[in-house]
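Undergrad: Shown below is the structure under consideration.
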Amino acid sequence: MGLARLKDPRGWGASVAGGARDPEWRLAERPGERDLFVRGLGGDASAYREFLRGTAHALRGFIGRHARSDPDEVEALVQECLLAIHARRHTWQDGQPVAPWVEAIARYKIRTGRPAAAEAGPDRP
-7 MGLARLKDPR GWGASVAGGA RDPEWRLAER PGERDLFVRG LGGDASAYRE FLRGTAHALR
53 GFIGRHARSD PDEVEALVQE CLLAIHARRH TWQDGQPVAP WVEAIARYKI RTGRPAAAEA
113 GPDRP
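Numbering follows this note's numbering, in which position 49 of the sequence shown is assigned residue number 41; successive positions increment by one, without gaps.
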């Protein structure tokens, strides 16, 4: 399945405005992002913290524009993305840009719907 054929995560049934080729639907590479991430992978906690802080900010805008309007849902999805980025950091390929990798994780989280915590509910672990 190509990203250009991704259905609108809001459930409206239409393809998202231009899909993966539409610059409005892309997560832009931020200056220094790759360097911070690589340094973080190498054990620099300060660089990794700064990478996650900047990524969280970018994800809030990305998710808010394309998936959710409720600020609590946006924040919950941002946190899910950050957890997935941390858990899957070993899958990033050295030498590749970071933004498309982060975007793929965010798209997956948007497509799969509600964050895991919301699915669990108060009576379910």
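Just so you know, even glycine gets a beta-carbon here, dropped at the ideal spot from N, CA and C.
For the alpha helix (DSSP H) that THR47 lies in, which residues bound it at each end?
TA: As a first step, residue 47 is located in the sequence shown; it is residue number 55 there, counting from the start. Residues 37 to 58.
Undergrad: Specify the secondary structure class of THR104 as computed by DSSP and reduced to three states.
TA: If you number the sequence shown from 1, residue 104 lands on position 112. THR104: coil per DSSP, three-state reduction.
Undergrad: Tell me whether LEU74 sits in a helix, a strand or coil according to DSSP, three-state version.
TA: Here residue 74 refers to the residue found at position 82 of the sequence shown. It is helical.
Undergrad: Can the beta-carbon of GLU42 be found less than 8 angstroms from the beta-carbon of ALA91?
TA: What you label residue 42 is simply residue 50 of the sequence shown in a count that begins at 1. What you label residue 91 is simply residue 99 of the sequence shown in a count that begins at 1. No. Outside cutoff.
Undergrad: Around the Cβ of ARG99, are there at least 16 other Cβ atoms within 10 angstroms (buried) or fewer (exposed)?
TA: On the sequence shown, residue 99 is found 107 positions in, with the first residue counted as 1. So ARG99 ends up on the buried side.
Undergrad: Check TRP84 in the structure and name its three-state DSSP category.
TA: Numbered from its first residue, the sequence shown carries residue 84 at position 92. In the structure shown, TRP84 sits in coil (DSSP, three-state: anything other than H, G, I, E or B).
Undergrad: Write down the C-beta distance between ARG22 and ALA50 rounded to the nearest angstrom, noting that I regard them as a contact closer than 8 angstroms.
TA: What you label residue 22 is simply residue 30 of the sequence shown in a count that begins at 1. What you label residue 50 is simply residue 58 of the sequence shown in a count that begins at 1. ARG22 to ALA50, Cβ: 7 angstroms. Contact.
Undergrad: Closest to VAL30 by C-alpha separation, out of ALA20, ARG103, ARG18 and LEU44, would be which residue?
TA: The count along the sequence shown starts at 1 and reaches residue 30 at position 38. It is LEU44 whose Cα lies nearest to the Cα of VAL30.
Undergrad: Can you tell me whether GLY32 is buried or exposed, with buried defined as 16 or more other CB within 10 angstroms of its CB?
TA: What you label residue 32 is simply residue 40 of the sequence shown in a count that begins at 1. GLY32 is buried by the Cβ-count criterion.
Undergrad: Which same chain residues, not among the five before or five after ALA39, have their C-beta less than 6 angstroms away from its C-beta?
TA: Indexing the sequence shown from 1 puts residue 39 at position 47. These residues qualify, in order along the chain: LEU28, ARG31 and GLY32.
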